[in-house]
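Chains as they are written, first to last, in our numbering: chain P, 191 to 753; chain X, 11 to 53.
Ideal Cβ placement from N, Cα and C applies to all residues, glycine included.
Source: prediction; values computed, not measured.
Remarks on the structure that follows.
Right, here's the structure in full:
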């Protein structure tokens with residue numbers, strides 16, 4: 191079955207839906223509004239977010255508008271295993287960060303950003319590399335979410351793309367501006383309840399409206415052998431593997447995640463992140479199944495645009511009230527991520543840029559809050575402008591993804607290994623980025639010795655990813671064994687083969703190169719860092735006297751030479 | 011049998027979502043009770 195057009199709401203209906211959503215969310219934030227906000231509360235809700243609110247917020251933040259569209263596209267493209275290869279790896283990004291998050295929290299219990307921890311560990315250059323990658327990621331995320339709002343409004347109503355972008359931008363800014371992270375986590379809960387309730391209803395509704403499971407089975411004949419295979423290699427190599435590579439990178443490089451790691455009650459970090467993992471996976475994989483349903487029915491995406499798949503299926507089989515629910519689902523998901531990005535950006539500018547670099551330990555809380563709120567306004571305007579211009583963000587995305595991959599090992603090693611130095615961190619990231627560009631843009635031909643060297647680095651990168659994942663959960667010995675085995679397996683399987691998969695080769699090269707350079711430079715170093723000094727250096731900006739008193743009692747410089 | 015397997019494969023996700031939603035709602039109610047008892051804000 192095919193439809194030639196999507197259901198159209200009237201202008202008034204769409205405006206009422208948007209007004210109800212953003213108006214209701216704004217009213218909710220009035221309940222927690224304080225005349226005078228503290229900087230700690232504004233950035234991390236005083237580190238005391240409970241398990242329920244924390245897991246709701248983490249789930250809602252990680253689900254953005256693109257999650258549904260991409261999962262459905264994956265189901266439509268790769269068939270039975272497609273939704274799993276999108277949702278499962280995305281969910282693991284939340285799961286695999288929490289063991290490291292507990293370490294971050296132990297080292298710097300009062301931190302607001304991962305950058306503050308790295309600043310205390312290494313100094314400004316490493317911290318600013320991390321902060322820069324966080325800022326780029328959040329700006330891209332804002333732009334993508336506002337773009338999704340514009341696209342949704344324009345395909346389901348007579349309103350223009352720009353109107354949708356502007357309403358979403360101002361709506362999100364309106365309810366986040368005053369209370370910052372507190373508003374973000376509270377509204378995340380309400381948005382997630384709506385989002386989950388709608389997903390619970392829409393997935394079975396579409397399935398049974400199209401004829402039920404028997405119709406789905408009857409349509410399996412429309413699938414190719416690869417699409418019908420749950421263990422499709424095509425799906426694994428093109429969808430699963432690049433996502434798997436990104437599991438740790440996205441988690442380390444994203445301030446929205448670290449902000450929640452520092453905000454949730456310390457003893458609740460594990461249950462919070464496990465619940466968010468299951469919640470994210472269930473919603474995203476479930477909605478991805480609509481793409482699989484479309485494939486079995488032989489539905490062609492309207493205008494060839496895969497993003498039309500879910501609205502098309504909902505339009506074709508369900509009454510208009512479900513389309514309104516779908517509209518709220520997408521607006522809720524994009525808003526919950528956008529408000530988290532605004533909170534993340536404000537925390538980076540407040541703590542990493544102003545607190546650690548401009549104020550140099552003499553931060554004025556009132557000025558800090560002003561900087562945080564101004565950052566939100568500037569970021570919203572930038573997001574709206576970039577979205578309105580429909581900029582091609584592919585190159586930006588490529589660089590941010592590589593930067594995140596390049597910083598994974600240096601960041602994690604810096605938190606566990608006392609020998610890692612600031613120059614090892616910085617140099618390894620720069621070298622990894624250069625080698626990534628060579629591989630990704632094929633600046634040299636990947637044949638002969640060059641191909642072999644890059645495959646060697648990429649194999650090392652594969653070993654590092656597996657090793658770090660195992661290390662996070664099972665400790666140093668298992669991590670080292672798993673990493674070594676993965677490295678050997680990659681050498682055997684990838685040599686002469688990986689060079690044909692440019693994206694994968696380049697991403698793995700970033701991991702491998704940064705690990706190699708960081709490790710060699712650290713081994714050559716005679717410095718030993720005393721990790722106990724970090725918690726003394728990263729403190730509460732609302733009570734600077736306490737912080738000064740504790741800072742004076744620690745070893746100057748923080749590096750305790752043991753040799 | 012195939013119908014049952016495919017039906018379950020699609021419907022297991024909304025069921026899981028429902029389970030997580032119930033868990034989160036219960037936990038938030040507990041968070042609210044604890045915050046009230048400690049006389050502090052929920053967030």
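Contiguous alpha helix (DSSP H) assignments of at least 4 residues, all confined to the segment 404–440 of chain P: 415–418
Burial state of residue 442 of chain P, where buried means 16 or more other Cβ atoms lie within 10 Å: Taking the first residue of the first chain as 1, we reach residue 442 of chain P at position 252. Looking at its Cβ environment, which holds 16 or more other Cβ atoms inside 10 Å, residue 442 of chain P is buried.
Which residue marks the beginning of the alpha helix (DSSP H) containing residue 271 of chain P, and which one marks its end? Start at 1 with the first residue of the first chain, and residue 271 of chain P comes out as number 81. Taken as a continuous stretch (DSSP letters only), residue 271 of chain P belongs to no alpha helix (DSSP H), as it is neither H nor E.
Do residue 219 of chain P and residue 377 of chain P have their CB atoms nearer than 8 Å? Mapped onto the first chain, residue 219 of chain P falls at position 29. Mapped onto the first chain, residue 377 of chain P falls at position 187. Taking 8 Å as the cut-off, the Cβ atoms of residue 219 of chain P and residue 377 of chain P count as close.
Here's the rule: buried if 16 or more other CB atoms are within 10 angstroms of the residue's CB, otherwise exposed. What is residue 567 of chain P? Position 377 of the first chain holds residue 567 of chain P. So residue 567 of chain P counts as exposed.
Proximity below 8 Å, CB of residue 613 of chain P to CB of residue 366 of chain P: Residue numbering aside, residue 613 of chain P sits at position 423 when the first chain is read from its first letter. Residue numbering aside, residue 366 of chain P sits at position 176 when the first chain is read from its first letter. When the beta-carbon positions are compared, residue 613 of chain P and residue 366 of chain P stay at least 8 Å from each other.
With a threshold of 16 other CB atoms inside 10 Å of the CB of residue 559 of chain P, please say whether the residue is buried or exposed. In the first chain, counting from the first residue as 1, residue 559 of chain P sits at position 369. Flag for residue 559 of chain P reads buried.
Length of the line joining the Cα atoms of residue 464 of chain P and residue 563 of chain P: Here residue 464 of chain P refers to the residue found at position 274 of the first chain. Here residue 563 of chain P refers to the residue found at position 373 of the first chain. Straight-line measurement puts the Cα of residue 563 of chain P at about 32 Å from the Cα of residue 464 of chain P.
Does the segment 543–559 of chain P come close enough to the segment 651–665 of chain P that 3 or more CB-CB pairs lie under 8 Å? no
CA-CA distance, residue 761 of chain P and residue 637 of chain P? Residue 761 of chain P falls outside the range modelled here, since chain P spans only 191 to 753, and no answer is possible.
Using a Cβ-Cβ cutoff of 9 Å, what residues of the segment 16–38 of chain X are near chain P? List them in chain order. 16, 17, 18, 19, 20, 21, 22, 23, 24, 25, 26, 27, 28, 29, 30, 31, 33, 34, 35, 36, 37 and 38
Compile a chain-ordered list of the residues in the segment 235–268 of chain P whose CB is closer than 7 Å to at least one CB of chain X. 235, 239, 240, 241, 242, 243, 245 and 246
Taking 8 Å as the threshold (C-beta atoms), are residue 703 of chain P and residue 633 of chain P in contact? Residue mapping note: residue 633 of chain P aligns to position 443 of the first chain, counting from 1. Residue mapping note: residue 703 of chain P aligns to position 513 of the first chain, counting from 1. Contact: no.
Does the segment 680–696 of chain P come close enough to the segment 276–291 of chain P to have 3 or more Cβ pairs within less than 8 Å? no
I'd like to check one pair, residue 596 of chain P with residue 615 of chain P: are the Cβ atoms closer than 8 Å? In the first chain, counting from the first residue as 1, residue 615 of chain P sits at position 425. In the first chain, counting from the first residue as 1, residue 596 of chain P sits at position 406. Against a cut-off of 8 Å, the Cβ pair of residue 596 of chain P and residue 615 of chain P comes out as no contact.
Use the C-beta contact count for residue 494 of chain P: other C-beta atoms within 10 angstroms, 16 or more gives buried, fewer gives exposed. For the purposes of this step, residue 494 of chain P is identified with residue 304 of the first chain, where counting begins at 1. The residue in question, residue 494 of chain P, is exposed, as its Cβ has fewer than 16 Cβ neighbours within 10 Å.
When the Cα of residue 594 of chain P is compared with those of P:509, P:438, P:269 and P:291, which residue comes out closest? Translated into the one-based positions of the first chain, residue 594 of chain P becomes position 404. The option with the nearest alpha carbon to residue 594 of chain P is P:438.
When Cβ atoms are compared, which residues of the segment 460–481 of chain P fall closer than 7 Å to chain X? 465, 468, 469, 472, 473, 475, 476 and 479
Buried or exposed by the 16-neighbour rule on C-beta atoms within 10 Å, applied to residue 427 of chain P: Taking the first residue of the first chain as position 1, residue 427 of chain P is located at position 237. Classification for residue 427 of chain P: exposed.
Quick one: is residue 655 of chain P near chain X, going by C-beta distance under 8 Å? Taking the first chain and counting its residues from 1, the one referred to as residue 655 of chain P is at position 465. Look at residue 655 of chain P: its C-beta is not under 8 Å from any C-beta on chain X.
Residue 671 of chain P beta carbon less than 8 Å from that of residue 482 of chain P: In the first chain, residue 482 of chain P corresponds to position 292, counting from 1. In the first chain, residue 671 of chain P corresponds to position 481, counting from 1. Not closer than 8 Å, so no.
For residue 371 of chain P versus residue 233 of chain P, is the C-beta distance shorter than 8 Å? Your numbering for residue 371 of chain P matches position 181 in the first chain. Your numbering for residue 233 of chain P matches position 43 in the first chain. Yes, the Cβ-Cβ distance between residue 371 of chain P and residue 233 of chain P is below 8 Å.
From residue 342 of chain P to residue 349 of chain P, what distance separates their C-alpha atoms? The residue you call residue 342 of chain P lines up with position 152 of the first chain. The residue you call residue 349 of chain P lines up with position 159 of the first chain. Cα-Cα distance, rounded: 10 Å.
Of all the CB atoms in chain P, is at least one closer than 8 Å to the CB of residue 46 of chain X? Start at 1 with the first residue of the second chain, and residue 46 of chain X comes out as number 36. So no, residue 46 of chain X is outside the interface.
Report all residues from its chain with a CB closer than 6 Å to the CB of residue 44 of chain X; omit the five preceding and five following residues, and keep chain order. Here the question's residue 44 of chain X lines up with position 34 in the second chain. Cβ within range, chain order: n/a, list empty.
Under 9 Å by beta carbon: chain X residues contacting residue 362 of chain P: One-based indexing of the first chain puts residue 362 of chain P at position 172. Those within 9 Å of residue 362 of chain P in chain X number zero; the least Cβ separation is about 17 Å.
Applying the criterion that 16 or more other CB atoms from any shown protein chain within 10 Å of the CB defines a buried residue, is residue 417 of chain P buried or exposed? As a working note, residue 417 of chain P is residue 227 in the first chain. A buried status is given to residue 417 of chain P, since no fewer than 16 other beta-carbon atoms sit within 10 Å of its beta-carbon.
Tell me, please, which residues DSSP counts as bridged to residue 239 of chain P. Numbered from 1 along the first chain, position 49 holds the residue referred to as residue 239 of chain P. Paired residue(s): P:454.
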